[in-house]
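Working notes, beginning with the structure itself.
Number of protein chains: 4
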Amino acid sequence: MPKIGMEAIRRNQLIDATIASIHEDGLAETTVARISRRAGLSTGIVHHYFRGKEDLVAATLRRLLTDIRNSVSTRLALATTPMARIDAIIDGNFADEQFTAQAVSAWLTFWAQVPHVPALARLQRVNSERSLSNIRHALKQMLPAERAETVSLGLSALIDGLWLRCAMSADLDGETARRIARAYVLESLGRTAAEG
Amino acid sequence: MPKIGMEAIRRNQLIDATIASIHEDGLAETTVARISRRAGLSTGIVHHYFRGKEDLVAATLRRLLTDIRNSVSTRLALATTPMARIDAIIDGNFADEQFTAQAVSAWLTFWAQVPHVPALARLQRVNSERSLSNIRHALKQMLPAERAETVSLGLSALIDGLWLRCAMSADLDGETARRIARAYVLESLGRTAAEG
Amino acid sequence: MPKIGMEAIRRNQLIDATIASIHEDGLAETTVARISRRAGLSTGIVHHYFRGKEDLVAATLRRLLTDIRNSVSTRLALATTPMARIDAIIDGNFADEQFTAQAVSAWLTFWAQVPHVPALARLQRVNSERSLSNIRHALKQMLPAERAETVSLGLSALIDGLWLRCAMSADLDGETARRIARAYVLESLGRTAAEG
Amino acid sequence: MPKIGMEAIRRNQLIDATIASIHEDGLAETTVARISRRAGLSTGIVHHYFRGKEDLVAATLRRLLTDIRNSVSTRLALATTPMARIDAIIDGNFADEQFTAQAVSAWLTFWAQVPHVPALARLQRVNSERSLSNIRHALKQMLPAERAETVSLGLSALIDGLWLRCAMSADLDGETARRIARAYVLESLGRTAAEG
DNA sequence: TATGAATGAGGATTCATTCAT
DNA sequence: AATGAATGAATCCTCATTCAT
């Protein structure tokens, strides 16, 4: 008698274990055996709920993408001014529940895979474009088109760079990251951070 | 009679092949067999000139670090004003001979390894701190201490983020990257990019 | 549902195959692939049930030691006089089920490893001391202490030497070996073998 | 201009290095590279003076056999009575210059190879038979044929067993070994060791 | 649904041997 | 005569995947 929702439960358990393993052991050491042991399950289970390891890894990236997207879009829905939309994006990216050591590690790992795994590349590209488009849309209401384009690219890169830095040195908290990103936009708008 | 300089030649060949393989195949597919085939040599040779694969990979990172450091320090030596020093750092990071698809891929790959390989972590940390210190030093002559600190972190993160973006989408050339980074500093100094 | 007792079965299969391979091919040719093929299993299985080849080899020595020890101690338990104890030791060492070509080959091989493999050295030392102590204990009841000591060393060496000889020429059967060893003790006691 | 006798010098250097390496590292770790480094020569040299590694190893065994044979035959030449011949054999086997840790290790190693390397097996068989024949010849002058046969086998085995013991525990010196072996023969002749 | 025993392809590494110098 | 750079076959080991239970 299959329990209702067992599939969702197991898939989530395995995805959680994958993120934890990537964070603690690195992708190279993240074997199917280790993932399942960490999830308190047997090795065989992975192939019950996923087509294989690659599939589990892709599902893990999808989860990370979804989480961050939700974090941003929830905030965007409440924003009424262009600058509020920028803040929503920045806050969504560095919210405490997203900007965790585990998530940051996993992201970095996926970034390194992206150029070599078409399935991941597609997911990443779509997400990246949506994010850039959100930023660009807001900035165009505050800056001339060309400047808006440049600052959009800059803010996107800065956000990624702040994640990267966090992954490698862990001396950067969400609050500081938010402050740096916000200052970047404000200066680009010709105001000082203090005016913000 | 052993040929003089053979060791340096072979080590460089193998490091070049490693960078190329990481770029094209990804680290996971970068096997000793593939590296040596790409270098036009046999598999055994890797263990003749390096302690093993790990050693070769570490040597490859050292090479990348050295190249970037040289690119920056050559330019820094010619800079006479604080802003010229900032430009030297930015230009050094995005100079055409450094900012290649191959180098960018390799960097991204190493970044993902850093948290899990102590030997790499040490190299990365030292390098990262030197770079941040260079930036901070120049900015402190143009901005109040606290602002200088924030903008230093921001510029470091932005530079890394621009590399990252380049690794994943390749739609970003060195010229654009330089422009974005430079604008960030200029705006932070309270001037428009046009004034720069 | 894992089969109960599978582990013991597989470990024994692999140990048997290791002994057979050492006997027929020699240790140098005894590869993991050959062992598993001989056991009718795959190469991977060795690392499922043993930590690695070295572990399997150590387990094989332990098995040889245990077999010989059981062979001797079963007989010792039934012996009531000192000379009967000596006979039990000699018979236990040259019993047909122990003194096989396979076992003898394997022993010789391990002896050669002992000086260079600490794990084996420890096992060997413990066993050797127990055996010598058994012999000494019995002889001390029949000979003055100093003589008992010398004859103990002599009998131990003679037993090993007979095994060695058997390993290299195979022209020595258990019956002859027993007779030679027994004669040595009897003469040392001042009786002729015929009196024994 | 090839130096006179260079070949003999080099061959001996390499054989010495092989014995030393077998003693200290074991046969498994005795590589061509290690042997030549120990001899202060290059890897290539082995194939100048020997057909290959196997040939060097066989030459090493021949050297050990020759040494022991000379040690025994020199003493035999001086012996005038049957018992003196037995003493010559025992003393020749346990003379301080033969009964060294290095030689003992090497012997043990070769014994383990003998059953699997035809070239070594032949050398060993010839030597073993000569030694047994020497012993038998002397004993037949002191004992009835059948007894002489048994004691010959016993003494041969005892000598080998004493070497073996020495290889594994090193707590046995030449003097003790000689005493034990001599006592064995004397008891077998019906005299006490004290009478010997 | 879940297990973990079993497989075997593929990886890093070692090493005897060859050969240009 | 001597070197040691270079080769590539062979070894141990790992791990995704399959499958009987």
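Chains as they are written, first to last, in the working numbering: chain A, 663 to 858; chain B, 663 to 858; chain C, 663 to 858; chain D, 663 to 858.
Heads up, the beta-carbon is just placed ideally off N, CA and C, and yes, glycines get one too.
- Residue 676 of chain B sits close to residue 701 of chain B, with the two beta carbons spaced by under 8 Å.
- A direct Cα-to-Cα measurement between residue 757 of chain B and residue 692 of chain B gives close to 27 Å.
- Exclusion of the five residues before and after residue 770 of chain A leaves 826, 829 as the residues of its chain whose Cβ lies within less than 7 Å of its Cβ.
- Residue-level contact by beta carbon holds for residue 819 of chain D and chain C, with a gap shorter than 8 Å.
- Taking a C-beta distance under 8 Å as the contact criterion, residue 801 of chain A and residue 819 of chain B do not qualify as a contact pair.
- In this structure, residue 711 of chain A sits near residue 673 of chain A, with a CB-CB distance shorter than 8 Å.
- Using a CB distance cut-off of 8 Å, residue 830 of chain D counts as an interface residue toward chain C.
- The stretch 680-696 of chain A and the stretch 768-785 of chain A touch, with three or more beta-carbon pairs separated by less than 8 Å.
- Residue 788 of chain D has a beta carbon lying at 8 Å or more from every beta carbon in chain C.
- In this structure, the straight-line span from the alpha carbon of residue 782 of chain C to that of residue 721 of chain C is close to 10 Å.
- The beta carbons of residue 767 of chain D and residue 684 of chain D sit closer together than 8 Å.
- Under the rule that a run must span 3 or more residues, no beta strand (DSSP E) segment is found entirely inside the stretch 761-829 of chain D.
- Of the other Cβ atoms in all chains shown, fewer than 16 fall within 10 Å of the Cβ of residue 787 of chain C; this residue is therefore exposed.
- Interface residue (Cβ-Cβ distance to chain C less than 8 Å): residue 775 of chain D is classified as such.
- Interface residue (Cβ-Cβ distance to chain A less than 8 Å): residue 722 of chain B is not classified as such.
- Segment contact: the stretch 735-750 of chain A against the stretch 805-815 of chain A, fewer than three CB-CB distances shorter than 8 Å; contact not assigned.
- Excluding sequence positions up to five before and after residue 706 of chain D, its CB lies less than 7 Å from no other CB in the same chain.
- Taken atom to atom, the span from the alpha-carbon of residue 759 of chain B to that of residue 734 of chain B is near 12 Å.
- In the three-state DSSP reduction, residue 698 of chain B falls in the helix class (H, G or I).
- Shown here, residue 712 of chain B sits in coil according to DSSP, grouped into three states, outside any helix or strand.
- Taking C-beta atoms as the reference points, residue 708 of chain B and residue 719 of chain B fail to come closer than 8 Å.
- For a Cβ distance threshold of 8 Å, nothing in chain D lies close to residue 785 of chain C: the least Cβ distance comes to about 12 Å.
- CA-CA distance, residue 822 of chain D to residue 840 of chain D, rounds to 12 Å.
- Using a CB distance cut-off of 8 Å, residue 711 of chain D does not count as an interface residue toward chain C.
- Against chain B, a Cβ distance below 7 Å from residue 849 of chain A picks out 849, 850.
- Residues 836 of the same chain have their beta carbon placed closer than 6 Å to that of residue 761 of chain B, with the five preceding and five following residues left out of the count.
- Note on geometry: alpha-carbon atoms of residue 851 of chain A and residue 817 of chain A lie some 12 Å from one another.
- Taking a Cβ-Cβ threshold of 8 Å, the residues of chain D close to residue 842 of chain C are 812, 815, 816, 819, in chain order.
- Judged by DSSP secondary structure, residue 704 of chain D falls outside any alpha helix (DSSP H); it is assigned neither H nor E.
- Interface annotation, residue 835 of chain A: not in contact with chain B, CB-CB separation never under 8 Å.
- With 16 or more other CB atoms across the displayed protein chains lying within 10 angstroms of its CB, residue 777 of chain B is buried.
- Rounded to the nearest whole angstrom, the C-alpha separation of residue 838 of chain B and residue 716 of chain B is 35 Å.
- Residue 793 of chain B has a beta carbon lying at 8 Å or more from every beta carbon in chain A.
- Residues of chain B whose Cβ lies closer than 8 Å to the Cβ of residue 771 of chain A are, in chain order, 774.
- Residue 671 of chain D counts as exposed, since fewer than 16 other beta carbons sit within 10 angstroms of its beta carbon.
- C-alpha of residue 797 of chain D to C-alpha of residue 848 of chain C: approximately 21 Å in a straight line.
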